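Engineer:
Numbering (our numbering), first residue to last: 745 to 1088.
1. Per DSSP, residue 789 forms a beta bridge with which residues?
2. Given residue 1070, which residues of its chain have a CB within under 7 Å of its CB, disregarding the five upstream and five downstream residues?
3. Would you call the region 878 to 895 and the region 968 to 980 touching, i.e. three or more CB-CB distances under 8 Å?
4. Measuring straight from C-alpha to C-alpha, what distance separates residue 832 and residue 935?
5. With a 10 Å radius around its C-beta and 16 neighbouring C-beta atoms as the bar for buried, classify residue 783 as buried or exposed.
6. Looking only at C-alpha atoms, which of 906, 942, 790 sits nearest to residue 800?
7. Contact between the region 763 to 771 and the region 814 to 823: three or more CB pairs below 8 Å?
8. Which term fits residue 898, buried or exposed, when burial requires 16 or more other beta carbons within 10 angstroms of its beta carbon?
9. Which residue marks the beginning of the alpha helix (DSSP H) containing residue 919, and which one marks its end?
10. Between residue 854 and residue 1035, what straight-line distance do the alpha-carbon atoms span, to the nearest angstrom?
11. With a threshold of 6 Å (Cβ to nearest heavy atom), would residue 907 be considered close to the ligand GTP?
12. Rounded to the nearest angstrom, what separates residue 807 and residue 1006 at their Cα positions?
13. In whole angstroms, give me the CA-to-CA distance for residue 836 and residue 909.
14. Going by CA-CA distance only, name the one from 1047, 966, 1065, 1023 that's closest to residue 1001.
15. How about the region 950 to 957 and the region 841 to 850: do they share at least three Cβ pairs that are nearer than 8 Å?
16. Could you check the C-alpha separation between residue 893 and residue 923 for me, to the nearest Å?
17. Under 7 Å between the Cβ atoms of residue 916 and residue 971?
18. Within the same chain, show all residues whose beta-carbon is closer than 6 Å to that of residue 838, passing over the 5 residues directly before and after it, in chain order.
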């Protein structure tokens, strides 16, 4: 049997999703197409949505853990957990059988993430969000549960973990939303706590571990995902600050730059220019990206403890991307400093 690749596994998960999409009533199928069109790339369409080079490793991490456990033979004797053999599978195809469960886990995760993405868009800026997509979100949530239940019908430890992370992501999302819509102090510890909003990303990793009867890594999985959550949160604050400003969200970065929702200014453009000065002159953009690098290093330690040998190469690519982003920031900062000296 050829080696399983991440692209092949994600492709198989898309096959599962597309089969269900083809069965939907026309009205819901139209909503699904609208969402998929929105996240499509001109060259690769929507199927690259979860596998773009700088995507958060939502599907990568469970796949890498699956590869480790498969190499170690952990799926060979799990007939008590792995669901019934799919049609066409022959005798002794235990690993191929486990692969089918992996595809279902990845598809369930994709459905769940799309539900969360739709919800986030509505929360971030209801004026711009397509509110009827929330009805497609109902389908996403139902399919997520159905596929996780098919892959892990008897894994009670997994389902307890699922309940925990679903509540954790929901509570952290609410707490962050309350914070960014206020003018309350925004300390670093609170921002790092809000990074728990990515807790859903623990779910497929817990599922892959549970499929092999390995339930001893819950704390390590949570540590890895939390560290990645902080790192990506810092990056998102840097990359999306004009959008956040215009939607009235006082993120950790904007709070650090001194913005308040009641800041007096003639226009949103004037506020944006004030913040641009603070972000560059105080070195906040560069500092946030450098802090993200440190959090990625911590995440790498967690990934190595989980035996995810492929994680290092992924992080190296991400680090190179961050270095690319820091160079123009440094150049613009220098230009601003020189302009200030000349004007002085």
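Don't be surprised by glycine CBs; every beta carbon is placed ideally from N, CA and C. Since the structure is predicted, the reported quantities are computational estimates derived from the model, not experimental observations.
Structural biologist: On the basis of the supplied data:
1. Residue 789 is bridged to 785.
2. 1030, 1033
3. no
4. Because residue 832 carries a pLDDT of 43, less than 50, the predicted location of this residue cannot be relied on, and the following value inherits that uncertainty. Taking the straight line joining both Cα atoms gives about 50 Å.
5. Looking at its Cβ environment, which holds fewer than 16 other Cβ atoms inside 10 Å, residue 783 is exposed.
6. Nearest to residue 800 by alpha-carbon distance, out of 906, 942, 790, is 942.
7. no
8. With fewer than 16 other Cβ atoms within 10 Å, it is exposed.
9. 900 to 924
10. 29 Å
11. Although the ligand GTP was asked about, the structure shown includes no ligands whatsoever.
12. 46 Å
13. Confidence in residue 836 is poor, its pLDDT being 45 and thus under 50, which makes the residue's placement too unreliable to answer from.
14. 1023
15. yes
16. 35 Å
17. no
18. Residue confidence is low: residue 838 scores 48 on pLDDT, short of 50, so the model does not pin down where it sits. Its coordinate-derived value is still stated next. Only 820 meet the Cβ criterion.
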